[in-house]
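Trainee:
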Amino acid sequence: MTITEPAAGTRELKYTAAFNEALHQLMAEDGDIFVAGEDVGIGGVFGSFAGLTAAFGERRVVDTPIAEQAIVGLGIGAGVAGLRPVVDLMFFDFVMVAMDQIANQAAKLKYMFGGKARLPLTITTNGGAGLSAAAQHSQSLEAFLCHTPGLKVVMPSTPYDMKGLMISSIRDDNPTIVVKSKMLLGVSGPVPEDMYEIPLGTASILRPGEDLTVVSYGRMAQESLVAAEQLAADGIDCEVIDLRTVQPLDIDTVIESAKKTNRIAIVHEAVRFGGLGAEIAAQVQEHAFDYLDAPIGRVGAPFSPVPFSPSLEADYVPNAERIGRELRETIGRPLPGS
Amino acid sequence: MALDDDILFDMHRRMLRIRLFEEAAGRLFEGARMPGFIHLYVGQEAVAAGVCAALRPEDQISSTHRGHGHLVAKGGDLNKMMAELMGKETGYCNGKGGSMHICDLDLNMLGANGIVGGGVPIAVGAGFANKYRDDGAVSVVFFGDGASNIGAFHEAANMAAALKLPVLFVCENNEYGEFTSRDRSMAIADVVERASGYGIPGTIVDGMDAAAVYETALEALEHCRSGAGPSFIEAKTYRFYNHHGVQTLGLPYRPDDEVASWQARDPIDGIEARMAEAGIMTADQAAAVRAEVQAAVDEAVEFGESSPMPNPARLLDDVYTEAAQ
Ligand SMILES: Cc1ncc(C[n+]2csc(CCOP(=O)(O)OP(=O)(O)O)c2C)c(N)n1
Ligand SMILES: [Mg+2]
Chain X
1 MTITEPAAGT RELKYTAAFN EALHQLMAED GDIFVAGEDV GIGGVFGSFA
51 GLTAAFGERR VVDTPIAEQA IVGLGIGAGV AGLRPVVDLM FFDFVMVAMD
101 QIANQAAKLK YMFGGKARLP LTITTNGGAG LSAAAQHSQS LEAFLCHTPG
151 LKVVMPSTPY DMKGLMISSI RDDNPTIVVK SKMLLGVSGP VPEDMYEIPL
201 GTASILRPGE DLTVVSYGRM AQESLVAAEQ LAADGIDCEV IDLRTVQPLD
251 IDTVIESAKK TNRIAIVHEA VRFGGLGAEI AAQVQEHAFD YLDAPIGRVG
301 APFSPVPFSP SLEADYVPNA ERIGRELRET IGRPLPGS
Chain L
1001 MALDDDILFD MHRRMLRIRL FEEAAGRLFE GARMPGFIHL YVGQEAVAAG
1051 VCAALRPEDQ ISSTHRGHGH LVAKGGDLNK MMAELMGKET GYCNGKGGSM
1101 HICDLDLNML GANGIVGGGV PIAVGAGFAN KYRDDGAVSV VFFGDGASNI
1151 GAFHEAANMA AALKLPVLFV CENNEYGEFT SRDRSMAIAD VVERASGYGI
1201 PGTIVDGMDA AAVYETALEA LEHCRSGAGP SFIEAKTYRF YNHHGVQTLG
1251 LPYRPDDEVA SWQARDPIDG IEARMAEAGI MTADQAAAVR AEVQAAVDEA
1301 VEFGESSPMP NPARLLDDVY TEAAQ
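From first to last, the protein sequence lines are chains X and L. With this note's numbering applied, the first sequence corresponds to residues 1 to 338, in that order. With this note's numbering applied, the second sequence corresponds to residues 1001 to 1325, in that order.
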């Protein structure tokens, strides 16, 4: 599918509202979908679940105790038993509290059972830094999940993608984690009113370009786009690819672009070491080694927990300026004096 | 029961230090002079003050996301606390931790915690070390009613009991976990019922009454020190502000008259009334203590605001402990 942009004149919604609208429409359509999590009944801590209790009642919008393992387990059990659960873990960091149920149970059930189980489970959460929320409320942990066969991992960067990817994730019969970027929650963009799917595993090209391929996802896709526009003013023409889902990974789109531009960099907010950038770089050199004119660039967070202080956090999280600087190095055109 | 006058003075001061620190922090947060999240302890002061007044310096405490009160009660340095909340270099964690990770290992305060229930197993580990060294210290863990729903609490409580560790569990039941009331997240009326399931003796105490908390804690600590294993206190209390931030009334998940009924039992008013009645503190004396504590809090704000932001060159420091030179 090639829809990467809604038609002109489409009404605008915030990123959270797009998430919320997808849930409303899906729940209206399928009575087996329910939502469970801490404080979802009152709308969730960021308002993502607003209005669901009023629309669907407490039978289908379930406030749970603080019990992340059991919340995911509830989704697994209910899913195997025939429902289509959506469970919320509030912060990406809390995924780690539920990691046994996610990695040892949900991810492997189908395989271990010789294909006999079907697990249409969606886990939603909020990831990323930028709010001075410190080391246990700011992490980007997608690499842990992507390393686990059986899981799908979705990280939308626009309201449009959010709605389409949510609809695909919930309709998908596999355990899927949808990670909202906290810093994007209030960002608006065009979102069609009708339901539509964006197939999991299809990247979108946010900006076509000839000189350098920049691969990113989630909030960093938008930061990369800003960096690309700044570099364009200096005659550096970047092609920005938004992966949208990191598992499955649309590596074909990445390789095709790398073959065209001959230079590539990967940008993510997660810690650089052992991050998705390493996997993508490895696959690109396997498939397009002969096309590359420069070492593959990787932009990510340094190797430390996320610091609390706004001044340290600003240095820690990649932003357009830093991305631009590092992209210039990848392409061998550093700023004068740097 | 007769309590030493100086214990009452001590607890009164600890509670005022918490209250005035929190009110100042709340105002700074509201005025966008403080970054991040802030979970205020106001209303629950009698629990931290009553328990900590009963501790020895070598006893450890572990805390929660609502942790400022515990550190203040354990003797925390207000300047370093305020600076940390502001993300400054001079703060307890050099600006790297903030409100949810504030700690003072020298005071045996093992840290606030951003993960609900995360501190409970750690406290059990500290209790293990105490027993291992046979040093008579007790590890005290503060946690909420909501935290008693998470697996970490249950595993840790059972282990502490099975290994007969000197751990005092202090559940601050303020009737809510975020915006969900306690009765909607558990099917029992009193959290303390959970203790008996693990063979841990437990007591319910009025968490708005510092003297009652103190006496209950002394007894529970004695039990722990005697080698008989863990003990459990459920303190019935209330947070006056919202889960996060500084709103008090008009919240969709709790009725205003409920808030008012708890505010009418303000633990600081309570201890002041008791001390006035006993003829040990006049209104003037109470006002003088308040002024003194307020001055210390004002100084802490001043210290925090005039302190530098962390040096960016130290971003990667302290990820690991370097081998001793
Ligand atoms: C594992 C985990 N789940 C959820 C949260 C989000 N959260 C922070 S505080 C809180 C409520 C805790 O309630 P309680 O233990 O009663 O403490 P209180 O806030 O009432 O002091 C929740 C759900 C978290 N920090 N960690
Ligand atoms: Mg509570």
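The beta carbon of each residue, even a glycine, is placed where N, CA and C say it ideally should be. Quantities reported herein were computed from a predicted structural model and do not represent experimental measurements.
Quick one: measure Cβ to Cβ for Asp-1209(L) and Ala-1083(L), integer angstroms, because I've assumed they're closer than 8 angstroms.
Mentor: Asp-1209(L) to Ala-1083(L), Cβ: 33 angstroms. No contact.
Trainee: Would you decide whether Thr-1282(L) is buried or exposed? Buried here means 16 or more other CB atoms lie within 10 Å of its CB.
Mentor: Exposed is the call here.
Trainee: Kindly list the residues whose CB is nearer than 6 angstroms to the CB of Cys-1103(L), restricted to its own chain and excluding five residues on each side of it in sequence; keep chain order.
Mentor: Answer for Cys-1103(L): Met-1109 and Gly-1111, listed in chain order.
Trainee: According to the neighbour-count rule (16 or more other Cβ atoms, all chains shown, within 10 Å of its Cβ), is Ser-1148(L) buried or exposed?
Mentor: Ser-1148(L) should be labelled buried.
Trainee: Let me know if Ala-1288(L) comes out buried or exposed under the rule of 16 or more other beta-carbons within 10 Å of its beta-carbon.
Mentor: That one is exposed.
Trainee: How should Arg-1133(L) be labelled, buried or exposed, when 16 other C-beta atoms within 10 angstroms of its C-beta is the threshold for buried?
Mentor: Classification for Arg-1133(L): exposed.
Trainee: Mapping DSSP to helix, strand and coil, what is Leu-119(X)?
Mentor: Three-state DSSP puts Leu-119(X) in coil, outside helix and strand.
Trainee: Strictly closer than 6 angstroms from CB to any heavy atom of ligand 2: give me those residues in the order they appear in the chain.
Mentor: This selection yields Gly-1144(L), Asp-1145(L), Gly-1146(L), Asn-1174(L), Tyr-1176(L) and Gly-1177(L).
Trainee: Just the chain X side, please: which residues come within less than 9 angstroms of Leu-1315(L) by C-beta, in chain order?
Mentor: Pro-302, Ser-304, Pro-307, Leu-312, Asp-315 and Tyr-316, listed in chain order.
Trainee: Using the beta-carbon count (16 or more within 10 Å), is Asn-1311(L) buried or exposed?
Mentor: So Asn-1311(L) ends up on the exposed side.
Trainee: At a cut-off of 7 angstroms, is Met-1208(L) close to ligand 1 when judged by its beta-carbon and the heavy atoms of the ligand?
Mentor: For ligand 1, not one heavy atom lies less than 7 angstroms from the Cβ of Met-1208(L).
Trainee: Measure from the C-beta of Met-1(X) to each C-beta in chain L and report whether the shortest distance is under 8 angstroms.
Mentor: Confidence at Met-1(X) is low in this model, with a pLDDT of 37, below 50, so the placement of that residue is unreliable and no value is reported for it.
Trainee: Take the Cβ of Tyr-1320(L) as the centre, count every other Cβ of all protein chains shown within 10 Å, and call the residue buried at 16 or more, exposed below.
Mentor: That one is exposed.
Trainee: Suppose the cutoff is 8 angstroms on Cβ atoms and the five residues either side in sequence are ignored; what does the same chain contact list for Gly-1250(L) look like?
Mentor: Once the five neighbours on either side are set aside, the close Cβ partners of Gly-1250(L) are Asp-1256.
Trainee: Any Cβ of chain L within less than 8 angstroms of the Cβ of Leu-131(X)?
Mentor: It does: the Cβ of Leu-131(X) has a partner Cβ on chain L nearer than 8 angstroms.
Trainee: Show which residues of chain B have a CB atom less than 9 angstroms away from the CB atom of Val-226(X).
Mentor: Absence of chain B from the displayed structure is noted, the protein chains being X and L.
Trainee: Determine which residues of the region 30-42 of chain X have a Cβ less than 8 angstroms from any Cβ of chain L, and write them out in chain order.
Mentor: Taking 8 angstroms as the Cβ-Cβ cut-off against chain L, the residues of the region 30-42 of chain X that qualify are Glu-38, Asp-39, Gly-41 and Ile-42.
Trainee: Between which two residues does the beta strand (DSSP E) containing Phe-113(X) stretch?
Mentor: It is not in any beta strand (DSSP E) - Phe-113(X) carries neither H nor E in the DSSP assignment.
Trainee: Quick check: the region 158-166 of chain X against the region 255-268 of chain X, are there 3 or more CB pairs under 8 angstroms?
Mentor: In short, these stretches do not touch, since the Cβ pair count stays below three.
Trainee: Evaluate Thr-2(X) with the Cβ neighbour count: other Cβ atoms within 10 Å of its Cβ, from every protein chain shown; 16 or more gives buried, anything less gives exposed.
Mentor: With a pLDDT of 42 at Thr-2(X), under the threshold of 50, the modelled position of that residue is not reliable, and no figure is offered here.
Trainee: What in chain X is Cβ-close to Val-1319(L), meaning under 8 angstroms?
Mentor: Those are Phe-303, Ser-304 and Pro-305, listed as they occur along chain X.
Trainee: If you draw a straight line from the alpha carbon of Ala-67(X) to that of Val-1205(L), how long is it in whole angstroms?
Mentor: In a straight line, the C-alpha of Ala-67(X) is about 26 angstroms away from that of Val-1205(L).
Trainee: Assuming Lys-1088(L) and Pro-1308(L) are in contact, meaning their beta carbons sit under 8 angstroms apart, how far apart are those beta carbons, in whole angstroms?
Mentor: About 7 angstroms separates the two Cβ atoms, so the contact holds.
Trainee: Can you tell me whether Leu-23(X) is buried or exposed, with buried defined as 16 or more other CB within 10 angstroms of its CB?
Mentor: Buried, because 16 or more other Cβ atoms sit within 10 Å of the Cβ of Leu-23(X).
Trainee: Are the CB atoms of Val-87(X) and Val-72(X) nearer to each other than 8 angstroms?
Mentor: Yes, the pair counts as a contact, with Cβ atoms nearer than the cut-off.
Trainee: Given a cut-off of 8 angstroms on the beta-carbon distance, is the pair Met-1100(L) and Ala-134(X) in contact?
Mentor: Yes, these two residues count as a Cβ contact at 8 angstroms.
Trainee: Using only CA atoms, which one of Leu-83(X), Pro-190(X) and Thr-16(X) lies nearest to Asp-30(X)?
Mentor: For Asp-30(X), the nearest C-alpha among the options comes from Leu-83(X).
Trainee: Let me confirm a value: Ser-1226(L) is counted as buried when at least 16 other C-beta atoms fall within 10 Å, else exposed. Which label applies?
Mentor: By the neighbour-count rule (16 or more Cβ atoms within 10 Å), Ser-1226(L) is not buried but exposed.
Trainee: Beta carbons nearer than 9 angstroms to chain X: which residues of the region 1096-1109 of chain L have them?
Mentor: So the close ones are Lys-1096, Gly-1097, Gly-1098, Ser-1099, Met-1100 and His-1101.
Trainee: Identify, in the order they occur along the chain, each residue of the same chain with its Cβ nearer than 7 angstroms to the Cβ of Phe-56(X), setting aside the five sequence neighbours on each side.
Mentor: The answer, listed in chain order, is Met-27.
Trainee: What residues are listed by DSSP as bridge partners for Met-1109(L)?
Mentor: Beta-bridge pairing links Met-1109(L) to Ile-1061(L) and Asp-1104(L).
Trainee: How about Ile-42(X) and Thr-125(X): are their beta carbons less than 8 angstroms apart?
Mentor: No, the Cβ-Cβ distance between Ile-42(X) and Thr-125(X) is not below 8 angstroms.
Trainee: I'd like to know if Asn-1174(L) contacts chain X, where contact means its C-beta is closer than 8 angstroms to some C-beta of that chain.
Mentor: Asn-1174(L) does not count as touching chain X.
Trainee: Per DSSP, what kind of secondary structure is Pro-334(X) in: helix, strand or coil?
Mentor: Here Pro-334(X) sits in coil by DSSP.
Trainee: Are the Cβ atoms of Leu-212(X) and Cys-238(X) separated by less than 8 angstroms?
Mentor: Yes, Cβ-Cβ distance for Leu-212(X) and Cys-238(X) is below 8 angstroms.
Trainee: For Ile-1204(L), which of helix, strand or coil comes out of DSSP?
Mentor: Three-state DSSP puts Ile-1204(L) in a strand.
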